[in-house]
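Protein chains in written order, with this note's numbering: chain A, 282 to 580; chain B, 2 to 425.
Worksheet: one structure, shown below.
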């Protein structure tokens, strides 16, 4: 699970997600599938064997056993209620779903924040629940001075990433959004442009850093902002580079969603999120917003 | 082989000015097989045979034999005089004129890309085109399938790709001159050409993606900037901006500086009606400063709001049927909506108090904001009867949530930020 998290957060660390304006690129040589854990520039490679990294703890073990068996029980009993533990009528007929909402401190455990401090930068990012325990606040400071390690050229990004769903015994679970076609967010930003990254389950190791992105423009101000982005607008990118061969996002196995800020404006930032939901906009008929035919045309 | 070398020497020495001029001219006219250039091409298949022939460098530093002179130093010397576009262009021209073969052009272009922000030309497409012009033309165009296969002149291609990437970073769209230059320098099937195609495909798609666009050139006048940002956050076309106080700096008789900050406020009709309906016994709060980012500038605004009314005290006013004659404003039909017809989200609405007005001021102290309240009282007489509390923070913080205590607690309002949870 920890490795999986590191993979997921590794691809968000190594991003310069903006297709039009980029700010965090690591110009390291791309090794296909063998490099495993993220290695920060300038650090020696960690060659300790994996069995040395295990930490035994009785209390944690008991807690883990309780948690996993409880989850297993929920899953077995949930099958009698319906698919994924929800009633069949709801599964078939729902037109909207609130996927993440921030009512209570437990909801923050599903999220992880990261910034370019992992590559040696100086941005800071924190996550907390707002007053009234009803929305979350991502805040911090962005600093785009690149770290002095000789290979990094751009820096200055912060991310709020959701942890992927795990079932009992840390089995990977996916989110199924096939009956929806629009992402609906209720946010209150400070005028900065963010980017939404959705990572889906992939099969080949080359697709490991694939992400579907789109921009999240905030208006700023004291009023809440409802943002509706159809999934047909999300474009494919890998390791922060927008790809030539585009295809619409496959919604059946979504793993994580993340919000990234990398707009090269140094200073404090904040973003409040009320909830993240998906809905089925019946008036939206677009399949995909970008060309699917001749990708690399003859010049 | 030797006679070819001697011919090369004679040709380049003798025809050097001619060759330079014709190279330029043929670059300008779009004929790739101009007559003068053909002679030059026939002699050099790569630069290997010219290594033993030192080119006369009359304009090198005469007193610094053997010292390392980087291309950066050319720019630094120019920067000492003036950091303008004209100076930058002059440095480029000096380099171009110095050597027909453009020795060291890759390093020079990298240095120029690094120095562009200092000269203030990083957003100028003509400067990028001029920089691309430094590449010698037609030398790097692959001439057969083997050269096309094997990444012909990889360093130069990488350098051009980095130039286009800097253009991408600053959000500058290349123009047709860039394309013509790239075709002349690298040919059509090259990495820089592909990068150019990608820029030309994706940039127009995302250029107008922002539903709340910020103008590239923000107004310099703080009043205009305040007006722009307040109309942006008000989210109401009916909102009207009022300038309560103009900025004023003067030296009074005693010699002390008297400066009055500007105060610009905004209030819409709906906010005015909400304030008129507000209960006089409940106080209103002036909160701030809250940050608002417009591209790279951050401005701060203040908000006049009230606490949300608790549900037991909420009075549901009956809707006046005469407000709309075309359709009924409320329907009391006894219909049950199935799951398949329900488009609302199953989440509680966040309880927040009404916002009555917003303002921006250059100084955020209580005296200035009290002047704002006094100005608001002229259009909202209700405000003079309502107690106003000030909740001002020295540093900007998150927008207030409902259910706050009524005392000003600047120390307790923000918890000390915990370390970012990288290892959750």
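Don't be surprised by glycine CBs; every beta carbon is placed ideally from N, CA and C.
Under a CB-based cut-off of 8 angstroms, is residue i close to chain B?
i: residue 463/A; result: no
i: residue 449/A; result: no
i: residue 456/A; result: no
i: residue 520/A; result: no
i: residue 387/A; result: no
i: residue 473/A; result: yes
i: residue 423/A; result: no
i: residue 484/A; result: no
i: residue 523/A; result: yes
i: residue 529/A; result: no
i: residue 501/A; result: yes
i: residue 600/A; result: Outside the modelled stretch of chain A, which goes from 282 to 580, sits residue 600/A, for which no answer is possible.
Looking only at its chain, what residues have a beta carbon closer than 8 angstroms to the beta carbon of residue i, apart from the 5 residues adjacent to it on each side?
i: residue 528/A; result: 517, 569, 573
i: residue 34/B; result: Bear in mind that the predicted position of residue 34/B carries a pLDDT of just 49, short of 50, making it too unreliable to give a figure here.
i: residue 446/A; result: 453, 454, 455, 456, 536
i: residue 389/A; result: 383, 408, 409, 410, 417
i: residue 326/A; result: 320
i: residue 386/B; result: 281
i: residue 239/B; result: 269, 270, 271
Residue i versus chain B: which residues are under 7 angstroms apart at the beta carbon?
i: residue 364/A; result: Under the 7 angstroms cutoff, chain B gives no residues; its nearest Cβ is about 15 angstroms from residue 364/A.
i: residue 498/A; result: 211, 212, 213
i: residue 555/A; result: 351
Against residue i, what residues of chain A qualify as contacts under a CB-to-CB distance less than 8 angstroms, listed in chain order?
i: residue 345/B; result: 377
i: residue 304/B; result: 503
i: residue 373/B; result: Those do not exist, as residue 373/B stays about 16 angstroms from chain A at its closest Cβ, beyond 8 angstroms.
Identify, in the order they occur along the chain, each residue of the same chain with its Cβ nearer than 6 angstroms to the Cβ of residue i, setting aside the five sequence neighbours on each side.
i: residue 277/B; result: 383
i: residue 227/B; result: 265, 361
i: residue 128/B; result: 122
i: residue 532/A; result: 458, 459
i: residue 582/A; result: In the structure as shown, chain A starts at 282 and stops at 580, and residue 582/A therefore has no counterpart that could be examined.
i: residue 406/A; result: 394, 396, 421, 439
i: residue 268/B; result: 358
i: residue 376/B; result: 245
i: residue 300/A; result: Note on residue 300/A: pLDDT 36, under 50, position unreliable in the model; no value is reported.
i: residue 73/B; result: 112
i: residue 28/B; result: With a pLDDT of only 44 at residue 28/B, under the threshold of 50, the placement of this residue in the model should not be trusted; the figure read from the coordinates follows. Correct list, in chain order: 138.
Which residues in chain B have a C-beta closer than 9 angstroms to the C-beta of residue i? List them in chain order.
i: residue 417/A; result: Here the premise fails: no neighbours, minimum Cβ distance about 11 angstroms.
i: residue 560/A; result: 344, 346
Using a Cβ-Cβ cutoff of less than 7 angstroms, which residues in the same chain neighbour residue i once the five nearest sequence positions on both sides are dropped?
i: residue 505/A; result: 467, 469, 555
i: residue 135/B; result: 93, 96, 97, 103, 106, 109, 110
i: residue 310/A; result: Confidence at residue 310/A is low in this model, with a pLDDT of 43, below 50, so the placement of that residue should be treated as unreliable; the coordinate-derived value is given next. Counting only Cβ-Cβ distances below 7 angstroms, and skipping sequence neighbours, we find nothing.
i: residue 362/A; result: 368
i: residue 119/B; result: 80, 84
i: residue 449/A; result: 349, 352, 353, 356
i: residue 331/A; result: none
Kindly indicate if chain A contains any beta-carbon less than 8 angstroms away from that of residue i.
i: residue 339/B; result: yes
i: residue 276/B; result: no
i: residue 112/B; result: no
i: residue 356/B; result: yes
I want to verify the contact list: residues of chain A whose CB lies under 9 angstroms from the CB of residue i, in sequence order.
i: residue 297/B; result: 544, 545, 546, 547, 548
i: residue 236/B; result: 500, 502, 504, 506
i: residue 292/B; result: 471, 472, 501, 548, 549, 550, 551
i: residue 233/B; result: 472, 500, 501, 502
Along chain B, which residues have their Cβ under 8 angstroms away from the Cβ of residue i?
i: residue 382/A; result: 348
Next item on the list: Starting from the N-terminal side, write out each stretch of the alpha helix (DSSP H) that is 4 residues or longer and does not extend beyond the stretch 443-467 of chain A.
Entry: none
Check: Going along the chain, which unbroken runs of the alpha helix (DSSP H) with 4 or more residues stay wholly within the stretch 82-131 of chain B?
Finding: The stretch 82-131 of chain B contains these whole alpha helix (DSSP H) runs: 86-99, 106-120.
Checklist line | Segments of 3+ residues assigned as beta strand (DSSP E) that fall wholly inside the stretch 249-335 of chain B | finding: 249-252, 258-261, 264-268, 285-295, 298-307
Notebook entry, point to check: Is it true that the stretch 143-153 of chain B meets the stretch 173-186 of chain B, where meeting means three or more beta-carbon pairs spaced less than 8 angstroms apart?
Noted result: no
Next item on the list: Can you check the stretch 127-195 of chain B for any alpha helix (DSSP H) of at least 4 residues that lies completely inside it and give the ranges in chain order?
Entry: 146-150, 155-170, 177-187
Next item on the list: Please specify which runs of the beta strand (DSSP E), each continuous and at least 3 residues long, are wholly inside the stretch 350-428 of chain A, giving them in chain order.
Entry: 377-382, 392-396, 405-410, 417-423
Note to self: Tell me whether the stretch 425-438 of chain A and the stretch 315-328 of chain B touch, counting them as touching only if at least three CB pairs, one residue from each stretch, are closer than 8 angstroms.
What the structure shows: no
Notebook entry, point to check: Does the stretch 509-526 of chain A come close enough to the stretch 485-500 of chain A to have 3 or more Cβ pairs within less than 8 angstroms?
Noted result: yes
Margin query: Counting beta carbon pairs with one atom in the stretch 335-354 of chain B and one in the stretch 249-261 of chain B, are three or more of them shorter than 8 angstroms?
Written below: Short answer: they don't touch.
Margin query: Restricting to runs no shorter than 3 residues, where is the beta strand (DSSP E) found entirely within the stretch 464-533 of chain A?
Written below: 474-481, 491-498, 506-511, 516-519
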